[in-house]
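> Starting off with a structure, shown below.
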Amino acid sequence: MLRDLFSPKAVAIIGASQDPAKIGNAILTNMMGSGYQGKILPVNPSSEEVMGLKCYPSIESLEETPELAVIALPASRTLDALKGCVRKGVKFVIVIAGGFSELGKEGKEREKQLLDVINGTGTRIIGPNTLGVYFPHSGVNTSLTSRGRLSFLPKGDIAFVSQSGALGLLTMDGVSEYQVGISAFLNLGNRIDLNEVELLDYFADDELSRSVVMYLESVPKGKEFFNKVKQISMKKPVVVLKSGRTQASAVAASLHTGAMASDDAIVNGAIAQAGAVRAYDETEMMDYGRALAYSGKLRGNRIAIITTAGGVGVITADYVSSNVNGVGMRLATLSDETKSRIREIIVPFASSNNPIDLTADGSNSDFDKVIGILEEEKEVDGIIAYPLPQTPKMGVEVVDVIDKYKKGPKPIIVGVLGSKIARDLIIEFEKRKIPAYPSVHRTVKAMKALYDYSTYMGRRGQ
Amino acid sequence: MRNTDDARNMIKDGKVTERSLKEILALYDISVPRGIVVKSLPDRVDLKFPVVLKVSDPNILHKTDVGGVKVGISSYEELMNAFEEMSHKFSGKEFLIEEMVDTGVEVIIGILKDASFGQVIMLGMGGIYTELYHDVAFRLLPIDRYDAGEMIESVGIRRFVNGFRGRTISKPDLENLLLNISKMVEEIGPEIRQLDLNPVILSGSSAVVADAKLISDESD
Numbered sequence: 001m002l003r004d005l006f007s008p009k010a011v012a013i014i015g016a017s018q019d020p021a022k023i024g025n026a027i028l029t030n031m032m033g034s035g036y037q038g039k040i041l042p043v044n045p046s047s048e049e050v051m052g053l054k055c056y057p058s059i060e061s062l063e064e065t066p067e068l069a070v071i072a073l074p075a076s077r078t079l080d081a082l083k084g085c086v087r088k089g090v091k092f093v094i095v096i097a098g099g100f101s102e103l104g105k106e107g108k109e110r111e112k113q114l115l116d117v118i119n120g121t122g123t124r125i126i127g128p129n130t131l132g133v134y135f136p137h138s139g140v141n142t143s144l145t146s147r148g149r150l151s152f153l154p155k156g157d158i159a160f161v162s163q164s165g166a167l168g169l170l171t172m173d174g175v176s177e178y179q180v181g182i183s184a185f186l187n188l189g190n191r192i193d194l195n196e197v198e199l200l201d202y203f204a205d206d207e208l209s210r211s212v213v214m215y216l217e218s219v220p221k222g223k224e225f226f227n228k229v230k231q232i233s234m235k236k237p238v239v240v241l242k243s244g245r246t247q248a249s250a251v252a253a254s255l256h257t258g259a260m261a262s263d264d265a266i267v268n269g270a271i272a273q274a275g276a277v278r279a280y281d282e283t284e285m286m287d288y289g290r291a292l293a294y295s296g297k298l299r300g301n302r303i304a305i306i307t308t309a310g311g312v313g314v315i316t317a318d319y320v321s322s323n324v325n326g327v328g329m330r331l332a333t334l335s336d337e338t339k340s341r342i343r344e345i346i347v348p349f350a351s352s353n354n355p356i357d358l359t360a361d362g363s364n365s366d367f368d369k370v371i372g373i374l375e376e377e378k379e380v381d382g383i384i385a386y387p388l389p390q391t392p393k394m395g396v397e398v399v400d401v402i403d404k405y406k407k408g409p410k411p412i413i414v415g416v417l418g419s420k421i422a423r424d425l426i427i428e429f430e431k432r433k434i435p436a437y438p439s440v441h442r443t444v445k446a447m448k449a450l451y452d453y454s455t456y457m458g459r460r461g462q
Numbered sequence: 463m464r465n466t467d468d469a470r471n472m473i474k475d476g477k478v479t480e481r482s483l484k485e486i487l488a489l490y491d492i493s494v495p496r497g498i499v500v501k502s503l504p505d506r507v508d509l510k511f512p513v514v515l516k517v518s519d520p521n522i523l524h525k526t527d528v529g530g531v532k533v534g535i536s537s538y539e540e541l542m543n544a545f546e547e548m549s550h551k552f553s554g555k556e557f558l559i560e561e562m563v564d565t566g567v568e569v570i571i572g573i574l575k576d577a578s579f580g581q582v583i584m585l586g587m588g589g590i591y592t593e594l595y596h597d598v599a600f601r602l603l604p605i606d607r608y609d610a611g612e613m614i615e616s617v618g619i620r621r622f623v624n625g626f627r628g629r630t631i632s633k634p635d636l637e638n639l640l641l642n643i644s645k646m647v648e649e650i651g652p653e654i655r656q657l658d659l660n661p662v663i664l665s666g667s668s669a670v671v672a673d674a675k676l677i678s679d680e681s682d
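These protein sequence lines map, in sequence, to chains A and B. Heads up: the first sequence is residues 1 to 462, going by the working numbering. Heads up: the second sequence is residues 463 to 682, going by the working numbering.
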C-alpha cells in the first residue's frame, strides 16, 4: 500500500518556486537533481514556468493525479492546499510546514483540522513539521536542504527513519564520507498520520531494505510499536536509537517498582524483548545498520583477530573480551593444528596466536591464506580483520580477498585505521557490502551488535 | 480465596490485605509462607517458629512505616508479648501471623502500568539496597520463557545460577515464577497499577514471596 509513496509515477510540488530563498525552490531542486524518472509537477499560481518546468496554478488543474504531493507552504496556507490534494485524489501528501502541535494548543487544533480533511479519504499525510523524504532507488528527494550544504547518499540497503529531520540529514552527510548507501530516508515529523509502525510493515517486505535503523525521541504507543518491532525483527534486523535516556519517569513512585522504573529502563527492556539492537548515538546507529544489513549470522561469541599491527590486535583483544570498556565476548582459542598451519604462512617473528599478527610484512595473499584457515577452525565464530595502510605489501586487492569469504559461515568485520588510504579502503569495502570501520571500538561494537541480533534469532529458533 | 473471579474483583478493588494478596498468588502456583489472620491470639498457633507478626488491614499499605511489623518471633511467649503490644497500637484491627522464610537470595519482582507500554514486569536484586544499585530488568507483559531467561541473565542475579558465596538458585524455577506472575496479571490483573513482591526469597529450587504490596487503578 505504501509502494506509491516510495516510487510514485508523478510528484507535485505545491509552492515550487524560482526564488532560491523559498523552500519550494530547494525541494524542486533536490527533486530534479536526484535521478527521479517520473514526472515532476510544480504548482504555484503566480508562475507559468519554474526552473524550466511547466507550472500549474493549482493541484486540481493538473492533467493527471500524482501519487505524491509535497506542500511547501506555510502552516496558514497548508490546509487549503491539503483540501485540493484530497479532492484530486492524491494518495500521499508530505506536509512540510511547522507550526502545529509542537507549538502547543493552537497548533494542535490546526493539526486536528488536517486530520479532519483526510478522514475517510484515501489520502495519507506524512508530517507535518518534516524535512521530507529521500528514496535513492526511485530518485524521490523532497528534502528542503539546499544542495552543497549536505550530501545525499547513494542507493543501498539501509532503511532510515528519523524523528528529527536535521539529525537524519546530518547523519547521512556524516556517513557519506564512506559512500554508505541507503534504501530510504523518512523524517516523519509530528507523524499525525503515517507512523513508524506502518513503515516497519513496509520495510519488512521491502526487498531493497536489508536493515532498518530508527532514531526516536518519543514512543507514544510503546506497546504497539515494540510488538511490531518484535514481529519484523525475525525477518529483518532493526536498530533503535532512542534519546531522552535520563528523563524522569512519569510514574508515581509509591512502591519500589515504581521508584526504579525510569522510562529508559522500560525502553531498554522493550528493545531487548523485541530483538532490536540498541544504538546510543548516530554513529552506532549507522554502524550497526551496516553490520546487520551486510552480514550473515554469527553462530557464537568466539572471535579471531587478524592484524598487521600488533598494538591494534591487542587493543581489539581487550575490547572483545573485557566487560568494562569492552563488549564481553571471547577471544577464540586456536587449535595447535591451526596455529602450525598459520606459522607456515607468516614470517618467523609474527604471531600465530590470536590475535594473529601478520606484521608489516603481511600481504594480500597472507590475508587470503589465514582467513581460509580460520574458516576451517571450529573454535572460531567470527573474524575481525585489519588490513592496515602502513603495510607495504597490502593494496586494494585485499578487498577482493575478503569479499571471497563474505558468503562463508563466519562473518568478517573489517577495521581500517588511519586517514586517506584508510578512507579509500573503507569505501571499497562499502561498495562490496562488507562492513568496515575506521577505529577499533567501532569495529568491535559492530561485531557485538551482530552477535546480539544473531543470539536473539538463535534463541527464538530461527 | 475461592476462585480467580473473586481474586480478580479483589485486585480491581485494590483494597486487599497482604494475606489475601498472597492467597491470590497461591492460585497461580506461587509459593507464599504459611500464615493465619486473627483478631485475637489463639491458645496455640499451628505454625513453625520463628514467625512474623504484621497488622492486617487493606488500608495500611506500608506497615513497617507505622510500626506494624515485628519479625523474628521465636516462641509462643514472645508472640504473646508482641501481640499484646501490637493490639494496643492497632486496636480493633486484624493481625497476620506468618512463618518466617529461610534465608536465601532476595530478589524483587514487580509489576507497573506505564502509559505508553502498558503493564511491565521487573526483576532485580531485592532487599534494602534495591534502590541503591538499580540493577533491574524490565519486559513488557506478557512474557515468554525466553524473556524470563533474558531478564535473569541481564541482572546480577545470574551470578547465583551457578552458585556464588555458597548460595545457588534455580534458573528454570525463577523463570517459572516470572511466567506465573505474567499469567496472573494477564488473567486477573489488568487493573494492577503497581505490584511489589519484595523480597522474594530464592534458595535452590524454592522461591517464596515474603512480602507483597498492591496498588490498583482504583486504589485512590
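Using N, Cα and C, we set each Cβ at its ideal position, and we do this for glycine too. The structure presented is a predicted model; accordingly, all values stated were derived computationally and were not measured.
If contacts are defined as beta-carbon pairs under 8 angstroms, then residue 347 of chain A and residue 361 of chain A qualify, I think. What distance do you get, rounded to the angstrom?
If you number the first sequence from 1, residue 347 of chain A lands on position 347. If you number the first sequence from 1, residue 361 of chain A lands on position 361. Confirmed, Cβ separation roughly 5 angstroms.
> State the DSSP-derived secondary structure class of residue 481 of chain B, mapped to helix, strand or coil.
Here residue 481 of chain B refers to the residue found at position 19 when the second sequence is read from its first residue. Looking at residue 481 of chain B - three-state DSSP - the assignment turns out to be helix.
> Determine, using beta carbons only, whether residue 136 of chain A and residue 155 of chain A come nearer to each other than 8 angstroms.
To locate residue 136 of chain A, count along the first sequence from 1; it is residue 136. To locate residue 155 of chain A, count along the first sequence from 1; it is residue 155. Closer than 8 angstroms, so yes.
> So for residue 528 of chain B, helix, strand or coil by DSSP?
Stepping through the second sequence from its first residue, residue 528 of chain B is reached at position 66. Three-state result, residue 528 of chain B: helix.
> Show which residues of chain B have a CB atom less than 7 angstroms away from the CB atom of residue 220 of chain A.
The count along the first sequence starts at 1 and reaches residue 220 of chain A at position 220. The answer, in chain order, is 578.
> Please name the residue or residues paired with residue 386 of chain A in a DSSP beta bridge.
Taking the first residue of the first sequence as 1, we reach residue 386 of chain A at position 386. In the DSSP output, where bridge partners are listed per residue, residue 386 of chain A has A:307.
> Can you pull the DSSP bridge partners for residue 580 of chain B?
The count along the second sequence starts at 1 and reaches residue 580 of chain B at position 118. Note: residue 580 of chain B sits in a beta bridge opposite B:576.
> Residue 273 of chain A CB to nearest chain B CB: under 8 angstroms?
Within the first sequence, the letter at position 273 stands for residue 273 of chain A. Residue 273 of chain A counts as touching chain B.
> For residue 226 of chain A, which residues in the same chain have their Cβ closer than 6 angstroms to its Cβ, ignoring the five residues on either side in sequence?
For this step, residue 226 of chain A is matched to residue 226 along the first sequence. Cβ within range, chain order: 270 and 274.
> With the cut-off set at 8 angstroms, would you say residue 68 of chain A and residue 41 of chain A are in Cβ contact?
Taking the first residue of the first sequence as 1, we reach residue 68 of chain A at position 68. Taking the first residue of the first sequence as 1, we reach residue 41 of chain A at position 41. No.
> Can you check the segment 250 to 319 of chain A for any beta strand (DSSP E) of at least 3 residues that lies completely inside it and give the ranges in chain order?
Listed in chain order, they are 277 to 279 and 302 to 307.
> In the structure shown, what three-state DSSP assignment does residue 37 of chain A receive?
Within the first sequence, residue 37 of chain A is the residue found at index 37, counting from 1. The answer is coil: DSSP assigns residue 37 of chain A none of H, G, I, E or B.
> Along chain A, in chain order, which residues have C-beta atoms closer than 7 angstroms to that of residue 608 of chain B?
Within the second sequence, residue 608 of chain B is the residue found at index 146, counting from 1. In chain order: 459 and 460.
> Quick one: list the residues of chain B neighbouring residue 158 of chain A, beta-carbon separation under 7 angstroms, in chain order.
The sequence position of residue 158 of chain A within the first sequence is 158, counting from 1. Those do not exist, as residue 158 of chain A stays about 26 angstroms from chain B at its closest Cβ, beyond 7 angstroms.
> Are residue 473 of chain B and residue 653 of chain B touching if we call contact CB-CB under 8 angstroms?
Your numbering for residue 473 of chain B matches position 11 in the second sequence. Your numbering for residue 653 of chain B matches position 191 in the second sequence. Against a cut-off of 8 angstroms, the Cβ pair of residue 653 of chain B and residue 473 of chain B comes out as a contact.
> Using only the alpha-carbon positions, how far apart do residue 219 of chain A and residue 229 of chain A sit?
By 1-based counting over the first sequence, the position of residue 219 of chain A is 219. By 1-based counting over the first sequence, the position of residue 229 of chain A is 229. Whole-angstrom Cα-Cα distance: 12 angstroms.
> Within 8 angstroms of any Cβ in chain A, is that where the Cβ of residue 675 of chain B sits?
For the purposes of this step, residue 675 of chain B is taken as residue 213 along the second sequence, with counting starting at 1. Answer yes: the Cβ-Cβ gap between residue 675 of chain B and chain A drops below 8 angstroms somewhere.
> For the segment 408 to 433 of chain A, list the alpha helix (DSSP H) runs that are entirely contained and at least 4 residues long, ordered along the chain.
Within the segment 408 to 433 of chain A, the complete alpha helix (DSSP H) runs of at least 4 residues are 420 to 431.
> The beta strand (DSSP E) that contains residue 560 of chain B, what's its start and end?
The sequence position of residue 560 of chain B within the second sequence is 98, counting from 1. Element bounds for residue 560 of chain B: 556 to 561.
> Answer yes or no: does any C-beta atom of chain A fall closer than 8 angstroms to that of residue 584 of chain B?
To locate residue 584 of chain B, count along the second sequence from 1; it is residue 122. By this cut-off, residue 584 of chain B is an interface position.
> Is any beta-carbon of chain B found at less than 8 angstroms from that of residue 269 of chain A?
Here residue 269 of chain A refers to the residue found at position 269 of the first sequence. Closer than 8 angstroms: yes.
> Cβ closer than 7 angstroms: which chain A residues qualify as neighbours of residue 599 of chain B?
Residue mapping note: residue 599 of chain B aligns to position 137 of the second sequence, counting from 1. The contacting residues are 269.
> Taking residue 339 of chain A as part of the alpha helix (DSSP H), name the residues at either end of that continuous run.
Start at 1 with the first residue of the first sequence, and residue 339 of chain A comes out as number 339. Element bounds for residue 339 of chain A: 336 to 343.
> Which one or two residues does DSSP pair with residue 242 of chain A in a beta bridge?
As a working note, residue 242 of chain A is residue 242 in the first sequence. Note: residue 242 of chain A sits in a beta bridge opposite A:216.
> Residues of chain A with a CB under 7 angstroms from the CB of residue 660 of chain B: which are they?
For this step, residue 660 of chain B is matched to residue 198 along the second sequence. Per Cβ cutoff of 7 angstroms: 256.
> Could you tell me which of B:680, B:601 and B:670 sits nearest to residue 651 of chain B, measuring between CA atoms?
The count along the second sequence starts at 1 and reaches residue 651 of chain B at position 189. Taking only the C-alpha atoms, the option nearest residue 651 of chain B is B:680.
> Return the residues of the segment 180 to 198 of chain A that lie within a Cβ-Cβ distance of less than 8 angstroms from chain B, sorted by chain order.
Residues: none.
> Near residue 397 of chain A, which residues of its chain fall below 6 angstroms by C-beta distance, leaving aside the five closest residues on each side in sequence?
As a working mapping, residue 397 of chain A is identified with position 397 in the first sequence. Cβ neighbours of residue 397 of chain A beyond the five flanking positions: 364.
> Give me whichever residues DSSP pairs with residue 500 of chain B in a beta bridge.
By 1-based counting over the second sequence, the position of residue 500 of chain B is 38. Its beta-bridge partners are B:557.
> According to DSSP, is residue 447 of chain A helix, strand or coil?
In the first sequence, residue 447 of chain A corresponds to position 447, counting from 1. Of the three classes helix, strand and coil, the one that applies to residue 447 of chain A here is helix, per DSSP.
> Can you name the start and end residues of the alpha helix (DSSP H) that residue 110 of chain A belongs to?
Looking up residue 110 of chain A in the first sequence gives position 110. Element bounds for residue 110 of chain A: 105 to 118.
> Can you have a look at residue 168 of chain A and say buried or exposed, based on whether 16 or more other CB atoms are within 10 angstroms of its CB?
Here residue 168 of chain A refers to the residue found at position 168 of the first sequence. Counting Cβ neighbours within 10 Å, residue 168 of chain A comes out buried, since at least 16 surround it.
> So what's residue 515 of chain B in DSSP terms, helix, strand or just coil?
Numbered from 1 along the second sequence, position 53 holds the residue referred to as residue 515 of chain B. Correct three-state label for residue 515 of chain B: strand.
> At 7 angstroms on the CB atoms, spell out the chain B contacts of residue 266 of chain A, in chain order.
As a working note, residue 266 of chain A is residue 266 in the first sequence. What residue 266 of chain A touches in chain B: 576, 579, 582 and 600.
> Taking the straight line between their C-alpha atoms, what separation do you get for residue 502 of chain B and residue 637 of chain B?
As a first step, residue 502 of chain B is located in the second sequence; it is residue number 40 there, counting from the start. As a first step, residue 637 of chain B is located in the second sequence; it is residue number 175 there, counting from the start. Near 39 angstroms, if we compare the C-alpha coordinates of residue 637 of chain B and residue 502 of chain B.
> Grouping DSSP H, G and I as helix and E and B as strand, with all else coil, what is residue 666 of chain B?
Position 204 of the second sequence, counting from 1, holds the residue named residue 666 of chain B. Residue state, collapsed to three classes: strand.
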